[in-house]
Amino acid sequence: MDKGVCPYPTLKGCLLLYVSFAIFSLAIISLLLPIVSIRETLLFTSMIKVLPKKPAKIDINGPKLGTFIGDLEVVDSEMNLLTLSEFLSKETVLMFADTGCIHCSSHLERFIVAKNEFQKYDFVVLVNQSNIDFNQYRDISLPTMFLNEGDEAMSKLNINLLPTFIFVSKKGQVLSVLKSVRMFQKLFDKYEKVKLDNNMKND
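Printed below as a string of structure tokens:
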């Protein structure tokens, strides 16, 4: 036996030494593991706190169907104060938008196309700002008005998402609330079918 490797002259003594060393090493590792685990847990918790949180899902947006919103106050391009009921002459789609809405511009382009496609209905843009330059809306080829009460009006109508599209009767009754122009075709088809069915029942 090489004494430079094992200080004990017998094989049994060397084996006992190696076993003792192994047990000691395992004991040290078992003491360090909880410390490492706690450190990793704290690091993970810190990361969770700084990660962007998923926005809460909004299940309800817009006024209840059947609600009358004809008394909603708006300001036209000539700075006249009006209510919805004063200019509604037929079924109308109202697009609620905001000058700070990054999605509204693309929806506005589709809204203008829809106005040309579905000429049986009126299309009006209602913007949640009253203290901005009207000239930036002069080129829009459909009526554009501004909510007189701004955020307060949006809150009363329970509008949490922009843009929001509200289909109203000529009396200002809410017939449908939509989140996309792409839903118009299906809405109008259904609406015309209901009107036809009601007319047949009344005949």
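Position 103 of the sequence shown, counting from 1, maps to 103 under the working numbering, and the rest follow consecutively.
Glycine included, each C-beta is placed from N, C-alpha and C at the ideal position.
None of the values given here were measured: they were computed from a predicted structure.
Roughly how many whole angstroms lie between the Cα atoms of residue i and residue j?
i	j	result
Lys156	Thr83	15 Å
Gln119	Leu142	12 Å
Ala97	Phe111	12 Å
Thr144	Ser77	7 Å
Glu149	Leu161	17 Å
Ser106	Asn198	36 Å
Phe146	Val93	15 Å
Phe184	Phe123	12 Å
Pro163	His103	7 Å
Met282	Ser169	The structure shown does not extend to residue 282, since the chain is modelled only from 1 through 203, so no value can be given for it.
Met79	Leu88	18 Å
Thr99	Glu192	33 Å
Glu117	Val125	17 Å
Leu187	Tyr121	12 Å
Ala153	Leu108	21 Å
Lys201	Gln129	44 Å
Ile69	Glu86	12 Å
Cys101	Val75	20 Å
Label residue i either buried or exposed according to how many other C-beta atoms from any shown protein chain fall within 10 Å of its C-beta, with 16 as the threshold for buried.
i	result
Leu196	exposed
Asp71	exposed
Asp127	Per the sequence presented here, residue 127 reads as Val, with Asp not at that position. Per the 10 Å Cβ criterion, buried.
Gly172	buried
Val113	exposed
Ile166	buried
Ile140	exposed
Lys190	exposed
Ile159	buried
Thr115	Checking the displayed sequence, the identity of residue 115 turns out to be Lys instead of Thr. Per the 10 Å Cβ criterion, buried.
Tell me, to the nearest whole angstrom, how far the beta carbon of residue i is from that of residue j; I am working on the premise that it is less than 8 Å.
i	j	result
Leu81	Glu73	6 Å
Thr67	Val194	Wrong, their Cβ atoms sit about 18 Å apart, outside the cutoff.
Hey, which unbroken runs of the beta strand (DSSP E) at 3 residues or more fall wholly within the region 59-95? The DSSP assignment places complete beta strand (DSSP E) segments of no fewer than 3 residues inside the region 59-95 at 73-75 and 81-83, in order along the chain.
Quick test of the definition: if touching needs 3 or more C-beta pairs under 8 Å, does the region 59-76 touch the region 175-192? They touch, by the three-pair rule.
Unbroken alpha helix (DSSP H) runs of length 4 or more, entirely within the region 120-187: which are they? Considered as a whole, the region 120-187 harbours 151-156 as its complete alpha helix (DSSP H) runs of no fewer than 4 residues, in chain order.
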